[in-house]
Structure formats: C-alpha cells, structure tokens
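In terms of the numbering used here, the first sequence opens at residue 50 and continues consecutively.
Positions of the beta carbon are idealized from the N, C-alpha and C atoms, including for glycine.
Keep in mind it's a predicted model, so treat the numbers as computed, not measured.
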Amino acid sequence: MAGVRGVADPLEEVFSSALTRRIFRRRWVLLPDYVPETLPHRERELRRLAEVLAPALRGEKPGNAFLYGLTGTGKTAVARHVLMRLEGKARELGVAVRAIYVNVRQRDTPYKVAASIAEGVGVRVPFTGLSVGEVYERSVKRLKRLGGVYIVVLDEIDFLAKRPGGQDLLYRLTRVNQELGGNAWVSLVGITNSLSFVESLEPRVRSSLGEVELVFHPYTAPQLKDILEDRAREAFNPGVLGEGVIDLCAALAAREHGDARRALDLLRVAGEIAERRGDPLVTEEHVYAARIEIERDRVGEVVRGLPLHAKLVILAIIRRQGAREGKSVYTGEVYEEYKRLTAELGLEHVTLRRVSGILGELDMLGLVKSRVVSRGRYGKTREVILDADPKAILEALQEDPMVARLLED
DNA sequence: CATCCACCGGAAATAGGGGGGC
DNA sequence: GCCCCCCTATTTCCGGTGGATG
Numbered sequence: 050m051a052g053v054r055g056v057a058d059p060l061e062e063v064f065s066s067a068l069t070r071r072i073f074r075r076r077w078v079l080l081p082d083y084v085p086e087t088l089p090h091r092e093r094e095l096r097r098l099a100e101v102l103a104p105a106l107r108g109e110k111p112g113n114a115f116l117y118g119l120t121g122t123g124k125t126a127v128a129r130h131v132l133m134r135l136e137g138k139a140r141e142l143g144v145a146v147r148a149i150y151v152n153v154r155q156r157d158t159p160y161k162v163a164a165s166i167a168e169g170v171g172v173r174v175p176f177t178g179l180s181v182g183e184v185y186e187r188s189v190k191r192l193k194r195l196g197g198v199y200i201v202v203l204d205e206i207d208f209l210a211k212r213p214g215g216q217d218l219l220y221r222l223t224r225v226n227q228e229l230g231g232n233a234w235v236s237l238v239g240i241t242n243s244l245s246f247v248e249s250l251e252p253r254v255r256s257s258l259g260e261v262e263l264v265f266h267p268y269t270a271p272q273l274k275d276i277l278e279d280r281a282r283e284a285f286n287p288g289v290l291g292e293g294v295i296d297l298c299a300a301l302a303a304r305e306h307g308d309a310r311r312a313l314d315l316l317r318v319a320g321e322i323a324e325r326r327g328d329p330l331v332t333e334e335h336v337y338a339a340r341i342e343i344e345r346d347r348v349g350e351v352v353r354g355l356p357l358h359a360k361l362v363i364l365a366i367i368r369r370q371g372a373r374e375g376k377s378v379y380t381g382e383v384y385e386e387y388k389r390l391t392a393e394l395g396l397e398h399v400t401l402r403r404v405s406g407i408l409g410e411l412d413m414l415g416l417v418k419s420r421v422v423s424r425g426r427y428g429k430t431r432e433v434i435l436d437a438d439p440k441a442i443l444e445a446l447q448e449d450p451m452v453a454r455l456l457e458d
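In structure tokens:
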C-alpha cells in the first residue's frame with residue numbers, strides 16, 4: 050500500500066503518537082493482573098502465607114490457607130506474589146514446586162476448575178465430554194507419577210461452592226493427599242471476599258481449608274496513596290502526574306471500602322485519557338473522567354453479555370422506573386412490563402420464577418439493587434432499583450438487534 | 001391475633017447444542 | 001456407533017414467610 054505522503058494520514062498519526070509514549074512508561078504496571086515487586090502495608094500477610102507454604106521447599110506438605118477480605122484488599126496480589134517467589138526459590142534449590150492459580154469466577158463450574166488444575170499439572174483435557182471425576186482422576190494419576198509439591202490457589206472460591214457439585218469437588222481436593230499416598234503433595238489456598246461463604250461450607254471442608262486464616266482489611270486513604278506512588282513511579286514518565294492526582298485516586302477509592310484495584314484503575318484510565326487527548330499532564334479532571342468511563346465500560350460489558358430475556362427485563366425496569374420518577378419497582382410490576390415487551394416482539398415470555406432469578410442475577414452484576422420486602426397484606430416481594438446509568442445501559446441494549454427494535458421511536 | 005397476599009427461592013428436571021472413550 | 005458427559009437457560013413443583021389488615 051502506498052503511503053500518502055504529505056497528506057494528513059489519521060492512522061499514521063495514531064501510530065506515531067502511540068510510539069512517543071508521552072504519558073506512560075510501563076502502563077501494564079497498573080493493570081489488575083500485574084504482580085508488583087512490593088506490596089506496601091501487607092508485610093504481615095505476605096510473611097504469614099510464606100510461612101504456611103515454605104515447607105514445600107523441603108519437599109514437605111505445605112499447609113492449607115484461607116484468605117478473606119473485601120475486593121481490592123490485596124488477597125490475590127499477596128497470593129500471587131508469594132507463589133512467584135516460592136517458585137523462584139524452588140527453582141533455585143532444584144525442588145519441584147508448582148503453583149496453580151485458578152480464578153473460579155472466570156472458570157465457574159466444577160468441570161472448568163478441575164480442567165484448569167489438570168492443565169496445571171500437565172494433563173491435556175478437552176473442554177467438554179469427560180466427567181469431572183474422570184478429569185480429576187487423570188490429574189491424580191499424573192501427580193502420583195510425577196511427584197512434587199503443588200499449591201492450588203482457588204480465587205473467588207465461593208463461586209465454586211455455590212454450583213451444584215462444587216462442594217463435592219472441594220471436598221475431594223481437601224483430601225487428595227490421601228489418594229496421592231505420599232508420592233506428591235497438594236496444598237490449597239482459598240480466597241474469597243464473602244464472609245458468609247465460610248459459614249456455608251461443609252464443616253469438614255471448612256476445617257481443612259481453614260487451617261490458617263488470613264483476614265485482609267481495607268486500605269486507608271494514606272495506604273492507598275503509598276501503593277499508588279509506588280506504582281506510578283514505574284508506570285509513568287517523570288513529571289506527567291499533575292498536582293493532587295494520586296491523592297484524588299486514593300480518596301475516591303478509599304470511599305469505596307479501600308479498594309486498591311479501583312484506585313489503580315482510576316489512575317491508569319486517567320492516564321489513558323490524558324494520552325488519548327494528547328494532554329501533556331494527567332490532571333484531576335482526567336481522574337473524574339476516568340471514573341465515568343470505567344463505569345460506562347463496566348455497564349456496557351455486562352449488559353452486552355446478558356441473555357436476551359435478561360436484557361428485556363432490565364429494559365422493563367428502566368421503563369417502569371422512568372414512569373415512576375426513579376423510584377423502586379416491584380417484581381410483579383417488572384414482570385408485567387416485561388411481558389408487554391415480549392408481546393411487542395412476538396416472543397414467548399419466560400416464567401415469573403425465571404424473572405425473579407434474573408432480577409437476582411442483575412443484582413449480583415451490579416446493575417440493580419434489590420431487597421426483599423414485605424408489604425404486609427399486599428404480599429412479600431422484591432423491591433428493585435436501578436443501580437447504573439440508564440443511558441449507558443440503553444446504549445448497550447441498542448447493540449442487540451432484537452432489543453433495538455423496541456427502542457426505535 | 002390469625003389470615004393471606006405476592007412472591008421468594010431451593011431442588012430437580014428438561015431442552016438442545018457441543019463433545020468425549022472405546 | 002453407542003452411551004455418557006458438560007453447559008446454559010429455563011420450567012415445574014412447591015414449601016415458606018413478614019406484616020398490614022380485618
């Protein structure tokens with residue numbers, strides 16, 4: 050393709066500005082899955098987890114551990130950091146230690162978890178077709194032959210326990226060492242942000258998993274500031290951060306139960322916005338814009354991933370709520386509106402039971418807030434209120450050709 | 001103070017689409 | 001080829017329940 054010399058070429062402009070990297074030096078340092086060199090204000094937790102797992106270096110069975118605390122309190126980062134260092138040390142010593150990290154929210158069925166572990170021990174499995182038990186047994190067989198120490202981290206483990214068969218798999222995992230008969234060792238590290246989850250576990254699973262429990266408390270604003278300053282030094286070119294930017298990110302995140310991931314997201318997206326606009330400095334204004342952009346992206350992504358009837362249900366909520374000036378709506382009311390929408394499209398409607406389930410799902414996805422209330426004589430039902438920007442939702446709904454038919458007018 | 005509304009929410013089953021192992 | 005497995009969305013069935021009302 051011949052270049053268009055002398056004429057403004059929009060792509061060329063994009064490319065060259067990407068190359069100058071005027072804002073970021075190493076942007077990925079701010080991405081959520083980056084494992085930092087240092088974890089300020091988590092020294093105690095790092096040390097404790099390391100103590101639990103260290104026996105692996107002698108080829109002995111490490112302990113099981115359970116980490117809990119709210120999102121963005123450093124659980125995952127601590128786990129990954131310790132595992133990285135442990136594997137490094139083991140390599141140095143020539144000891145067979147292998148860490149297997151599974152995010153159970155992303156791999157949220159017993160089969161997927163078992164398959165992830167299988168891959169982690171070097172067993173190739175198809176993505177479907179086998180039973181969970183089969184996958185599990187193949188892994189055990191290979192482990193017996195290979196030997197070594199394995200540390201399996203189950204992040205957001207509550208999502209596994211909730212699924213049918215999830216507890217069974219957990220139970221089997223907690224006693225896999227008996228099956229291995231000393232040829233290899235497996236230790237489990239469970240991570241969750243749900244305290245109530247711990248109580249919902251079968252006692253035998255809980256006692257095994259919770260040999261050591263570490264509680265992660267929310268970061269305070271000054272602590273978040275330390276974290277951000279650490280990372281910002283790596284991530285940005287010198288002098289590009291405007292006055293008060295870090296403080297603002299820390300303050301906004303501290304307001305949300307001290308969520309470090311949120312703080313880092315704000316800082317990163319603020320930088321991205323500045324870069325995109327060609328501004329030489331990241332300012333507080335960029336941070337505010339980042340907050341909006343993050344939320345819009347989140348909502349858009351969630352809504353796009355919804356099945357058709359869930360999309361219709363959320364549209365029904367918006368319609369009903371719009372008609373009642375942003376006040377809450379009840380299940381029955383939503384259901385009626387939803388049925389109207391399906392009729393308009395000439396579609397079958399799902400049952401009330403299902404819509405009730407969808408309402409619960411929308412709540413978990415953070416699009417809606419709902420609580421069960423009793424209106425006495427007038428029955429018990431769920432009170433639903435929108436918890437996301439309706440404009441962002443509608444924008445995403447627009448992209449569904451079926452739903453879009455309802456939005457023309 | 002018993003009643004009874006309007007759902008709630010667990011459990012199990014189905015549909016229907018994608019794949020094993022031997 | 002036969003029989004078994006997984007996954008998601010949904011249906012069916014059904015016992016449960018907080019509190020305004022009569």
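Tell me which same chain residues have a C-beta within less than 6 Å of the C-beta of V198, skipping the five on either side of it? Here residue 198 refers to the residue found at position 149 of the first sequence. So the qualifying residues of the chain are A105, V146, W234.
*So, V162 versus S188, is the Cβ gap smaller than 8 Å?*
Taking the first residue of the first sequence as position 1, residue 162 is located at position 113. Taking the first residue of the first sequence as position 1, residue 188 is located at position 139. Not a contact, by the Cβ cut-off of 8 Å.
message: Given this structure, state the Cα-to-Cα distance separating L443 from R389, to the nearest angstrom.
response: Here the question's residue 443 lines up with position 394 in the first sequence. Here the question's residue 389 lines up with position 340 in the first sequence. Taking the straight line joining both Cα atoms gives about 18 Å.
Tell me which residues share the same chain as V422 and place their Cβ nearer than 8 Å to its Cβ, disregarding the 5 neighbours each side in the sequence.
Here residue 422 is taken as the residue at index 373 of the first sequence, counted from 1. The residues are K429, T430, R431, E432.
Taking its Cβ as the centre, do 16 or more other Cβ atoms sit within 10 Å of T87, making it buried, or is it exposed?
Within the first sequence, numbered from 1, the residue matching residue 87 stands at position 38. Exposed, because fewer than 16 other Cβ atoms sit within 10 Å of the Cβ of T87.
_Could you compute how far the alpha carbon of D486 sits from the alpha carbon of E228?_
Limits of the chain in this structure are 50 at one end and 458 at the other, which puts residue 486 out of reach.
query: Out of curiosity, what's the CA-to-CA distance linking R107 and I149?
result: Looking up residue 107 in the first sequence gives position 58. Looking up residue 149 in the first sequence gives position 100. Their Cα atoms are separated by approximately 19 Å.
Item to complete: Compute the Euclidean distance between the alpha carbons of S65 and R71, then round it to the nearest angstrom.
Response: In the first sequence, residue 65 corresponds to position 16, counting from 1. In the first sequence, residue 71 corresponds to position 22, counting from 1. Roughly 11 Å between the two C-alpha positions.
- Among E61, G231, L116, L222, which residue has its Cα nearest to the Cα of K110? Residue mapping note: residue 110 aligns to position 61 of the first sequence, counting from 1. Answer by Cα proximity: G231.
inquiry  = Just verifying my parser: in three-state terms, what is the DSSP assignment at E292?
reply    = One-based indexing of the first sequence puts residue 292 at position 243. E292 falls in the coil class under three-state DSSP.
Requested in this report: Would you mind working out which of R310, L195, I434 sits nearest G409, comparing C-alpha positions?
Outcome: Locating residue 409 in the first sequence gives position 360, counting from the first residue. G409 has its Cα closest to that of I434, out of R310, L195, I434.
Review point. Nearest-angstrom Cα distance between E283 and V318?
Key: Translated into positions along the first sequence, residue 283 becomes position 234. Translated into positions along the first sequence, residue 318 becomes position 269. Taking the straight line from one Cα to the other gives about 16 Å.
Bridge partner(s) assigned by DSSP for L237:
Here residue 237 refers to the residue found at position 188 of the first sequence. The partner list for L237 (beta bridge, DSSP) reads V201.
Indicate, with yes or no, if the ligand MG has a heavy atom lying under 7 Å from the CB of Q227. As far as ligands go, the structure on display features none, and thus does not contain the ligand MG.
Under a three-way DSSP split, which group does R134 fall into? For the purposes of this step, residue 134 is taken as residue 85 along the first sequence, with counting starting at 1. Three-state result, R134: helix.
A114, enclosing beta strand (DSSP E) - first and last residue:
If you number the first sequence from 1, residue 114 lands on position 65. 114-118 is the extent of the beta strand (DSSP E) around A114.
Endpoints, beta strand (DSSP E) assigned at A145
Residue numbering aside, residue 145 sits at position 96 when the first sequence is read from its first letter. Counting along the chain, A145 falls outside any beta strand (DSSP E), and DSSP gives it neither H nor E.
Touching by the beta-carbon criterion (3+ pairs, under 8 Å), the segment 338-348 and the segment 395-413
no
Quiz item: Within 10 angstroms of its Cβ, does N286 collect 16 or more other Cβ (buried), or is it exposed?
Solution: Within the first sequence, numbered from 1, the residue matching residue 286 stands at position 237. It is exposed - the Cβ of N286 has fewer than 16 other Cβ atoms within 10 Å.
request  = Using three-state DSSP, classify I461 as helix, strand or coil.
outcome  = A question about residue 461 goes unanswered here, because the residues of the chain that appear run from 50 up to 458.
- Task: Go ahead and pull the three-state DSSP assignment for L263.
- Result: Position 214 of the first sequence, counted from the start, is the residue given in the question as residue 263. Correct three-state label for L263: strand.
Just how far apart, CA to CA, sit Q155 and L203?
Here residue 155 refers to the residue found at position 106 of the first sequence. Here residue 203 refers to the residue found at position 154 of the first sequence. Using only the alpha carbons, I get a separation of about 11 Å.
**Request:** Return the Cβ separation of H90 and Q216 in integer angstroms, given the expectation that the two are a contact with Cβ distance under 8 Å.
**Result:** If you number the first sequence from 1, residue 90 lands on position 41. If you number the first sequence from 1, residue 216 lands on position 167. No, H90 and Q216 are not in contact; Cβ-Cβ is about 34 Å, not under 8 Å.
Could you give the DSSP three-state label for V352: helix, strand or coil? Numbered from its first residue, the first sequence carries residue 352 at position 303. In the structure shown, V352 sits in a helix (DSSP, three-state: H, G or I).
List the DSSP bridge partners of S423. Taking the first residue of the first sequence as position 1, residue 423 is located at position 374. DSSP, once it has assigned bridges, lists K429 as partnering S423.
Straight-line CA distance for G123 to G239?
On the first sequence, position 74 is the one that residue 123 refers to. On the first sequence, position 190 is the one that residue 239 refers to. Going by the C-alpha atoms only, they are around 14 Å apart.
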